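Sequence positions in the sequence shown follow mature numbering (1 follows the signal peptide of the UniProt record, and there is no 0) and run -22 to -1, 1 to 670. Remarks on the structure that follows.
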Amino acid sequence: MATLGSRWLLSILLVIVPKCFAPAPPASPSLPECYIPCDENNCADIRCKWDSRLDPEIPTHYSLHWKSANSEQVYGINGTSTSGTIDREDYVHGELRVWVQAKNQHGSAQSQAALFNTADIIKLPPPTVSSVSDQDSLEFSWKSTCAELQDLSLGQCEVQYRTEAEQVWREDKDVLHGSYTVDSPQPGTVYEFQVRCSCDRGLMSDWSAIHRIRSTETAPDGELDVWSDCGIFHKISDCVVTWKKLPISQARGLILGYEVRLSYSNGAPVLVNVSTAEPTGRLACEETQCHFTSSLKDVASVSVSAYNARGATKPSYLALPTPGEQKNEQAIRLVMNEENLTVSWDPPAQLSDNLKEYVVQYKQAGCPPGQGFDWIKVNKRQTTGIFEGRYIKYTAYQVSLFTVSNCSKVHHLSPVIGYSVQGTPSRGPSFEVSSIADTHVTLSWEPIPLSEQNGVILYYQVVVESGADGQNVVYNVSASPQRESQTFKLLYLSPGQEYEVRIRGVTTAGPGENKTAEFKTKDHEPFAHLIAVVLGIILLAVICVLCILYRACREENKVWCLSASLTKVPDARNSHIFRHMKHQINDSFAWICIPVNEPHPKISLLEVVEKISGPDGFTRIAVGDGCSQVDCQDDRREKAVKEECQRTDHRGREDYSKMVDSDEERDGEASWSSSEGYEKHFMPTALEVLEG
Ligand SMILES: *[C@@H]1O[C@H](CO)[C@@H](O)[C@H](O)[C@H]1NC(C)=O
Ligand SMILES: *[C@@H]1O[C@H](CO)[C@@H](O)[C@H](O)[C@H]1NC(C)=O
Ligand SMILES: *[C@@H]1O[C@H](CO)[C@@H](O)[C@H](O)[C@H]1NC(C)=O
Ligand SMILES: *[C@@H]1O[C@H](CO)[C@@H](O)[C@H](O)[C@H]1NC(C)=O
Ligand SMILES: *[C@@H]1O[C@H](CO)[C@@H](O)[C@H](O)[C@H]1NC(C)=O
Ligand SMILES: *[C@@H]1O[C@H](CO)[C@@H](O)[C@H](O)[C@H]1NC(C)=O
């Protein structure tokens, strides 16, 4: 099969190739088309045109030949490859036969012959056009050249016209009179118009030059579509009022300017008349939108109308959004590519009578007020809005949905960021490492700015690399809403070790550039030593005081010592002195005194510090049987002691918590139990104290 196929191909090539390259006479030209162009003065030479099917490789000469019907003589002139001219002196009026010959070094070819009467190929100049316009119609008229130049009567004319904005002509053939009327033209619109005519004999003229006329203006119709552009972050100070230019069908003339009425929350309204011709920039207009650049401070609402020479539109009213009114009430979905932006949302559970319409808007990130901004108003029964345009890739577009109530109150529902095409973030978030402890640190960062995100951040990737063994740990941290800073606590680090941490944003296009920082964790529990030293000093002082007191009491055997005297009172609760003293002596002295007055001091008085959570939620300390057994039988006392306990408890906590890391402070449970541990570890028992 294959050999059969290739033989076929070969034989075809063998047939074709020599034909392509073999020397050959030129192809025959097309039938010539001839006419006699006339101007105001004369109709003389015959011009003929043809298609040559020229082979540029081989030089070819073209000649035009003709012969009168009543003569045998053949004339010829050299021509170009597409045209030739028969001079007036070289032909006689009447029947004429015309053909074209092409000739090169290999031979010659001849076209078919065209046969005509010279009177039938006369082509008069186009008619001259004039026009009149009034309120109801537009009338074009023209003057034929038939009678004037050739003494012929007018044949048929063809008319075509369009408005300036249209691409396609509207045509009318077979127009017999020298005028044409367009009924009910669009007001204030420029119309373009052309005509061509033939006489009762001869060819159709060329089209006249385009004639333009503006139809009569009337007052503009309808209302402006007004909205406000408050930027990406919907800050009132960023707001500008913006509106869409009226289409010509509504403008009905040249819009000369706009009247903007500003109503203030506190004060009389102000009317501002901005002219479209005014160069002083209170008004800025782009292709399809205009915006009002003056400050809207304290403005509660605006109304705008457009005017032309004949009148103005009805004012359109817009209540400006009130600050801070933005709720993520309704989820909206975006489908976006570089040409279309489709927004859809769920219909409300119940269609409110009060709802007038939805407004969907988009704002391109990084654009100044009034630019990169568009909006559409959507019927309240619909739940989709489509924008067609050009959406730059890797660029954030913020799309928001609003409801407008019957009383024109605007309610902002949900802003969503969309991208036509997502890229990877061009930088990582700026972050810092704080609260560096021995086994953990806290990372905090601001989100990557919108202009550098290039896509929706799905999550942040945090990579921690240990300086010691080079091992990586990767965390995915879900991204918080834009503009909110984030923190992340790195746990399970080794003390006293160097680490490198890298953070990068991840979009659907992948991870972006990263930001890195290095840090070193603290050595193991640096505060433990400090706490031990401080406690040691305090205890040393306590021991010394105890020794002195004990020795003094025993050796001199006097009853000067407060604590000793107290031991002789059978029931301390009844003692006025005790109560009195309890108020007067400070806590630390009480601490010292209570154990000393016991004849057989119990260790637990000093040592066992338990935490009891009462039903009232208070945490109190039971200091051995000192507080709980002696005092707690008496309600009033109990209250006093409870307060004391709380105070002690509080102080104890404060003292310790001052020393521990602020992070641990939050964790009250942990710090308390650890300090209890310290006491057990470092405080000597009372026995040790007494013996020492
Ligand atoms: C026509 O062209 C040929 C070839 O170039 C030339 O020989 C001849 O003289 C020309 N005739 C006229 C009338 O120009
Ligand atoms: C606004 O200015 C235009 C042109 O100056 C003027 O014709 C028009 O009457 C003005 N309108 C008001 C309300 O002042
Ligand atoms: C955008 O929408 C138009 C009209 O619906 C559609 O013809 C066109 O293909 C869309 N373009 C893209 C890129 O999807
Ligand atoms: C809101 O306007 C619509 C149409 O104009 C009307 O049908 C509806 O009753 C109005 N609702 C209220 C609450 O005014
Ligand atoms: C982070 O997310 C990526 C992509 O979803 C996944 O492949 C990776 O395993 C995740 N890593 C961790 C530590 O969760
Ligand atoms: C992140 O940083 C590391 C180390 O600096 C580098 O090797 C890596 O290529 C970076 N990744 C990206 C995506 O920039």
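Beta carbons are placed, not taken as given, at the ideal position from N, Cα and C, and that holds for glycine. If you're wondering where the values come from, they're calculated on a predicted model, not measured in any experiment.
With a threshold of 16 other beta carbon atoms within 10 Å, residue 526 falls short and is exposed. The bridge partners DSSP lists for residue 77 are 43. A distance below 8 Å between beta-carbons, with the five flanking residues on each side excluded, links residue 105 to the following residues of its chain, in chain order: 120, 121, 122, 123, 135, 156, 173, 174, 175, 183 and 186. As the crow flies, the alpha-carbon of residue 362 is around 42 Å from that of residue 421. Shown in chain order are the residues whose CB sits closer than 6 Å to a heavy atom of ligand 5: 452, 453 and 454.
The shortest CA-to-CA distance from residue 75 to any of 30, 9, 478 and 107 is the one to 9. Our two residues, residue 524 and residue 518, have alpha carbons roughly 10 Å apart in a direct line.
In chain order, 411, 414, 419, 476, 477 and 479 place their CB closer than 8 Å to the CB of residue 497, counting only its own chain and leaving out the 5 sequence neighbours on each side. If you draw a straight line from the Cα of residue 116 to the Cα of residue 247, it comes to about 43 Å. Put simply, the residues with a CB less than 5 Å from any heavy atom of ligand 3 are 315, 317 and 318, in chain order. The beta-carbon separation of residue 222 and residue 267, rounded to 6 Å, stays under the 8 Å limit for a contact. In this structure residue 465 is exposed. Its beta-carbon is surrounded by fewer than 16 other beta-carbon atoms within 10 angstroms. In the structure shown, residue 216 falls within a helical segment according to DSSP collapsed to helix, strand and coil.
Contact between the stretch 231 to 246 and the stretch 269 to 284 is established, with three or more Cβ pairs separated by less than 8 Å. With respect to the C-alpha of residue 255, the residue from 275, 233, 333 and 91 having the closest C-alpha is 233.
By the neighbour-count criterion, in which 16 or more other beta carbons inside 10 Å mark a residue as buried, residue 486 falls on the exposed side. Its Cα nearest to that of residue 11, the residue 62 stands out among 62, 393 and 513. Taking 9 Å as the cut-off, the Cβ atoms of residue 469 and residue 394 do not count as close. For residue 8, no alpha helix (DSSP H) segment is defined, and its DSSP state is neither H nor E.
Distances from the CA of residue 30 to each of 60, 44 and 54 were compared; the closest alpha carbon is that of 60. The beta-carbon separation of residue 103 and residue 16, rounded to 6 Å, stays under the 8 Å limit for a contact. In the three-state reduction of the DSSP assignment, residue 126 falls in the helix class, which pools H, G and I.
Annotated three-state conformation of residue 430 is helix, per DSSP. Residue 371 is not a Cβ neighbour of residue 404, given a cutoff of 9 Å.
Looking only at 297, 286, 249 and 231, the smallest Cα-Cα distance to residue 388 is reached by 297.
C-alpha of residue 321 to C-alpha of residue 198: approximately 32 Å in a straight line.
Under DSSP, residue 120 shares a beta bridge with 107. Counting only residues of its own chain and dropping the five nearest sequence neighbours on each side, residue 160 has a CB closer than 6 Å to the CB of 116. Nearest neighbour of residue 14 by Cα position, chosen from 90, 49 and 97, turns out to be 97.
Annotated as proximal: residue 439 and residue 454, with beta-carbon spacing under 9 Å. The beta carbon of residue 192 is closer than 8 Å to those of 111, 166, 167, 168 and 169 in its chain, skipping five residues each way along the sequence. Beyond the five residues adjoining it in sequence on each side, residue 218 comes within less than 6 Å, by CB distance, of 207, 269, 347 and 348 in the same chain, given in chain order. Taken in chain order, the whole beta strand (DSSP E) runs of length 3 or more contained in the stretch 435 to 497 are 437 to 444, 450 to 456, 464 to 468 and 476 to 485. Rounded to whole angstroms, the gap between the alpha carbons of residue 23 and residue 150 is 32 Å. Look at residue 69 here: in three-state DSSP terms it is coil, with no helix or strand label.
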